[in-house]
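So the structure is just underneath, and the comments pick up after that.
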Amino acid sequence: MTLVQTQTRPVSAHPGHGTPADTRDVAGPRVWGDMTVEVALSVMAAARTGRLVVCDEDGQRVGLVTRARLTAVRNSLGYTDRIRLRDVTDGNGLLALFR
Numbered sequence: 001m002t003l004v005q006t007q008t009r010p011v012s013a014h015p016g017h018g019t020p021a022d023t024r025d026v027a028g029p030r031v032w033g034d035m036t037v038e039v040a041l042s043v044m045a046a047a048r049t050g051r052l053v054v055c056d057e058d059g060q061r062v063g064l065v066t067r068a069r070l071t072a073v074r075n076s077l078g079y080t081d082r083i084r085l086r087d088v089t090d091g092n093g094l095l096a097l098f099r
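Reading the sequence shown from the start, the letters are residues 1 to 99 in UniProt numbering.
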């Protein structure tokens, strides 16, 4: 079973005036990179969110993955049910967790 951790954080009173560090501190369900795409989409549906915060084995945030990106991966010709969040790339070999 894949661990899912949900954390709520207060929204800034002035969201347009945040620093770059503030934009990296995104609220949402936290998941690990070994979660499959199908499970991640199910977590998004259950949490009623369009994005998940992806963490490494140490619980450190490594990226953000969106429902649109995961849907595109699932609908691609090369998709299998073994693809994990850490395997999702943007075509250039880079992790596409920030799309």
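Every residue, glycine too, gets a C-beta built ideally from N, C-alpha and C. Quick caveat, the model's predicted, so the values are computed rather than measured.
Distance between residue j and residue i (C-alpha atoms, nearest Å)
{"i": "Asp34", "j": "Ile83", "result": "9 Å"}
{"i": "Gly50", "j": "Asp81", "result": "20 Å"}
{"i": "Pro67", "j": "Val39", "result": "The displayed chain sequence assigns Arg, not Pro, to residue 67. Arg67 and Val39: Cα-Cα distance of roughly 12 Å."}
{"i": "Pro29", "j": "Asp58", "result": "16 Å"}
{"i": "Tyr79", "j": "Gln60", "result": "27 Å"}
Beta-carbon proximity of residue i to residue j, cut-off 8 Å
{"i": "Val53", "j": "Val88", "result": "no"}
Environment of residue i [buried if 16+ CB atoms lie within 10 Å]
{"i": "Leu85", "result": "buried"}
Integer-rounded CB distance, given that residue j should sit under 8 Å from residue i
{"i": "Val62", "j": "Cys55", "result": "6 Å"}
**OP:** Report yes or no: do three or more beta-carbon pairs, one from the segment 71-82 and one from the segment 45-54, lie closer than 8 Å?
**Re:** Counting Cβ pairs under 8 Å, fewer than three are found: no touch.
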